[in-house]
Amino acid sequence: MSASVPWKYVSPLHDSIMEQRAGFLACLCKDEVPSRYLLTLYCFPAHLRSKLISDISSTYFVNMQGEGTSQIPLSNGDEILVSLSDGFEVHGEWTTEDIVLTFFDHKPFRLKLRISIRDRRSLQVDFLKRLGGKERKNSALACSVPIMSRSPVQVSGPATFDFEEGSVLKVTLLASEWSSSMGGLSTINRQLAILLGKREKVDVTFLVPHFACSEEEKRSARRQNVSIKEAKKLAGFNDPLDWLSFPPSDLNIDIVVGHGAKLGKQAQVIRASHNCKWIQVVHTAPEELGIHKSYSMAISIGEEKKTAEVDLCKLADAVAAVGPKLTKAYSSYLRSCEKHEDIIQLTPSTFDEFSDVKQAAKEMDEFKVLTFGRGKQDEVAETLLKSGIRKTQLTVRKFVQSKKILKELFCEVDLCIMPSRTEGFGLTALEAMSAGLPILVSSNSGFGEALSTVPFGESFVVDSEQPKKWAKAIAGVRKKKRSVRLHEIHQLRAAYAEKFSWESLCTILLDKMRRLVNDEYFFGTEEPQDKVKKSRLSGSVGVIAQLQQMQLDASKVGSKTDLTSDLKKIASDRGFKISDNEGSGNCMFYALSDQLEIAEGIKIYHDELRQILVQHLSEKPKLSDGTDLFRFVYGHQSWADYLRHIEQDGAWGDHVILCAAANHYRTSIRVVSSLPRINDVMIKPQCPVDKSKSLVLGHIHELHYVSLRPIQATVNGVKDDIQDSSGNPPHLNFKLPDLRDLPTLDSCGSDFELPVDILLLTVEDCEFLACFHYLNQPSRRYHKSTGYVFYGSMGHDQENKLKTALVKCTRGSSVPDGSLIVVNDAIRALGPKAVFSVGTCIGLTPKETKLGDVVVSSKLTTFAHKTPVSRDIGNLIKHAADGWRAPLKDPQACKVNVKCDGTVLSIPPSQASSKNILQKYSEATAVEVEGEGVFAAAHHLKTEWVVVKGIKCYASENQSSSYEWDVFASVMAASVVSNILRNPSVFQDWSHYNEAQPLRLKLEVKTNTRWNAPIKVAVVVGLLAAFISVLHHTGWIGS
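Under full-length UniProt numbering, the first residue of the sequence shown is numbered 1, with each subsequent residue one higher.
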């Protein structure tokens, strides 16, 4: 039975259910017209506040601002009337009655007005919710926002210091077209223009030759806040691109962006004529391309092109490279002029214009593979047909300029391949991935290198030029179900977009542009210390500006790993070593806590320290000269609002907190940057101090702080030179596998018999890889309820082996995809006799265990239970260390112990470092976060379980481990598990889960029913190999 209800009755109910808290923000910036301002009004869902504040602080300079929260809930589409106080005078097309905002439940709404200020003492914006009708009386007050002055150094996050307060940055990009008919360079150029056009205080001009763009293209650009200007045709200049050397004389330019040799040479002329700065973007490595070309004189031509590119880069004020491969190449080319140290890496993100492509779920009879290249259609077809490919198997089409047609093509095929022998980046494959089309790309490409840094991205990269290996990889994709292929590429697309975003790329580029135009840093110079120019800001204000600028300098570097390595060297040169911490928003407090214990003998946990410093700021909200500290805080309505925010666990500490720490503990704080040639910042309290002692922090990558300990430091009378996770562990006697070493093709052929004997559960990659190393004959299979499972065998008996399954879960027990859910699903699907949770843990104190020691849980403690393992497991683990030798390159380098009677405390991640919790469970040997879920699932399903984990760091030291100690502890734990499982006969009488109903997993490969499977696969692989070989031989794919 069904009934229909008119929408007019349903709509009010729907709106009331979907009502949300809303935020309002009003920002004032100086306008180009003297004495006028630009007032920007925002209405946004409350949960998007942090992102909006970050976007604002990274794009333009705020002179005055106000913020508030709606007193009444709003629904999607609600209209918000704006009422300005008498202190404002509105200019332009707007009247006070016309100003209306719209509330959207998924994105901010923005409106800009040009105004003058009549009375600074009377600046307020009222936001009113329209209740019905057009008259303002039919409205309710949602929020009143007073506008307050802000300091030039207010921004607490990574922020941009404008080259001139309130000025507009004028950027001109040299181009040949607005569309993408010329390939990747045009695509990147247009995307950069659109991104810059979205930012406040940036005017973007696209300079093209006369008649290069249609009127429709100009209108399209204007909708993206990009102005297309034309360089007039010049007599005697046959190449229209040469006309770009002479832009309109009235075009104001701060930054000119050139691309490659064809669109870069003009920039040197423009820089001289328009007195601007020049950024040169490189898209190819011509010398490497020339090696793989088949035409005459290809190598010498490639060298000439490379020389031209490098010469332009040397002349430019800054260099940017598309993707990691070209960044490394030009870093090498430019070593002689030191520009290699500051190349901007522009790694493209996914393209939103392809995100609406809907891939069909139905599998077709034919499996279609797409690749791109250069050449004439008939000639390419003739060459490929000669390789043995039948006409019924081949389609050759001309290059697709229409995005609509390209989207249709991405839906028509099943796989896109980029088997280039070398490729600067490879935008076509990125576009295919953006459309949700499965891909395979060459490892010798910028896109391939970028994918390899994304979790499981290496599964889509082929590290070979051999056609047979490409054919095998393509056949492996074909064997998977279409639903699996599409699920995998969607996961990859999401992970890639998270790591490489257009917004962060634009922010880094914009920061560089502003610095070039400003040409004056707040601090940091290559001059000797006694010749350093004084900051434009002095005293406490100047120190705060330096701290903010240090964060900004670090934010432009894409790799935290590089910065950590740099800080290690810088710190070592100054006599310090890094003592890292887990971060989680608390890194500054962890680092200060560690330093207070070393320098002052004050032992205090990070959470307690946070509360003490917040209390200090509450009692002393001004500097000694009477300046309100609230001047240096951004994004909070009041000082009380800021304090409420900063006292929350996980809220990032900032420059104000560091000043509070220096004053409260009456000590200097020295901050060392991970960037080279940047001077240390010294924060001094407002009282005399002992100059021989100071707290020393290291600043790594945006807002991460670490403690810098003196080498050979003494902590509480104990020499701290070995048991410190900032030092390196002993070398292993084998190299840990890499993710790229994992099998990516699902095994097929004979059936895999279930149930398994042992289930190994891990969390981190290093834990997973350590266990994978000890699997014999590993393979990968996909199971509907568990996803991918890696199978193999363990045991020292050559005849009898333990069938072992290896899986991963998310960190934690009861979180989505945590140990509770994963173990429950895996036991039901795979039917193991026992579950081993293998990986790393945190030791409570160095007195009981050393770094790298392995703890085997004879008892598991949680908030709810204190549970011993079963008798069978208990008898087994008593002998876990019998005959075991740590897998060390030098057995004498370190003694690693196995604690077979350990008590493991398993608690939620947020509680793992709480002082009160650790004191309450002082009998515990180690702390971890998955055991509770393992126990709950295994106990419910009547399956044996045990936790085996290596010590990677100590809870008592308020610091996290280094990656090297994570690997070392993981390998020690996996090695002990391998030792426990060395004798398969021990498990012979143990019961499988649900043994009365044996399970069986059968994997099949769908083939065309006209051929049997072996013949079909052999023929397909052979044809694919021939196809790839011809592509390389003819040079059709160029590289």
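Built from N, CA and C at the ideal position, the CB exists for glycine as well.
For residue i, count neighbouring Cβ atoms within 10 angstroms of its own Cβ and tell me buried if that reaches 16, exposed if not.
i: R485; result: buried
i: Q892; result: exposed
i: S813; result: buried
i: G77; result: exposed
i: F103; result: buried
i: P108; result: buried
i: I508; result: buried
i: V981; result: The sequence shown places Leu at residue 981, rather than the Val named in the question. It counts as buried.
i: T392; result: exposed
i: Y705; result: buried
i: Y791; result: buried
i: H259; result: buried
i: P688; result: exposed
Taking the alpha-carbon of residue i as reference, which of the options has the nearest alpha-carbon?
i: residue 1080; options: S694, V763 and K942; result: Since the first residue shown for the chain is 1 and the last is 1039, residue 1080 is missing from the structure and cannot be characterised.
i: V967; options: T862, F772 and R871; result: F772
i: S819; options: T762, L769 and T395; result: T762
i: D352; options: Q191, P324 and L510; result: Q191
i: N252; options: E303, D119, K277 and G795; result: K277
i: R666; options: V681, G448, P685 and V823; result: P685
i: N776; options: C766, A805 and L123; result: A805
i: K866; options: A936, A880, K847 and E799; result: A936
i: L736; options: L617, E767, I270 and R781; result: E767
i: A320; options: V282, L289 and V869; result: V282
i: Y330; options: D317, R21, R610 and E309; result: E309
i: F836; options: N824, L760, V789 and E79; result: L760
i: K499; options: C313, H47, R515 and V454; result: V454
Look at the Cβ atom of residue i, then the Cβ atom of residue j, and state whether they are nearer than 8 Å.
i: V171; j: V202; result: yes
i: M418; j: G424; result: no
i: L851; j: T925; result: no
i: V904; j: S857; result: yes
i: P324; j: G184; result: no
i: Y37; j: C29; result: yes
i: residue 1040; j: K889; result: Here the chain covers residues 1 to 1039 and nothing more, so residue 1040 does not appear.
i: A571; j: G698; result: yes
i: I228; j: A221; result: yes
i: L739; j: E458; result: yes
i: S970; j: G950; result: yes
i: G68; j: R49; result: no
i: I188; j: V322; result: yes
So, with DSSP's three-state summary, where would you put residue i?
i: I228; result: strand
i: Y496; result: helix
i: E608; result: helix
i: F351; result: coil
i: A432; result: helix
i: F109; result: strand
i: F768; result: helix
i: M364; result: coil
i: R982; result: coil
i: N776; result: strand
i: F44; result: strand
i: V282; result: strand
i: W965; result: helix
i: M418; result: strand
i: D239; result: coil
i: K481; result: coil
i: Y590; result: helix
i: S823; result: The amino acid at residue 823 is misidentified as Ser; the sequence shows Val. Reduced to three states, the DSSP call for V823 is helix.
i: F630; result: helix
i: E190; result: Checking the sequence shown, residue 190 turns out to be Arg, not Glu. Note: R190 maps to helix in three-state DSSP.
i: I657; result: helix
i: Y791; result: strand
Checklist entry - Where are the alpha helix (DSSP H) runs, 4 residues long or more, that stay fully inside the segment 855-892, in chain order? => result 871-877
Item to check | Entirely enclosed beta strand (DSSP E) segments - the segment 268-320, minimum 3 residues | outcome: As far as the segment 268-320 is concerned, its whole beta strand (DSSP E) runs of at least 3 residues are 277-282.
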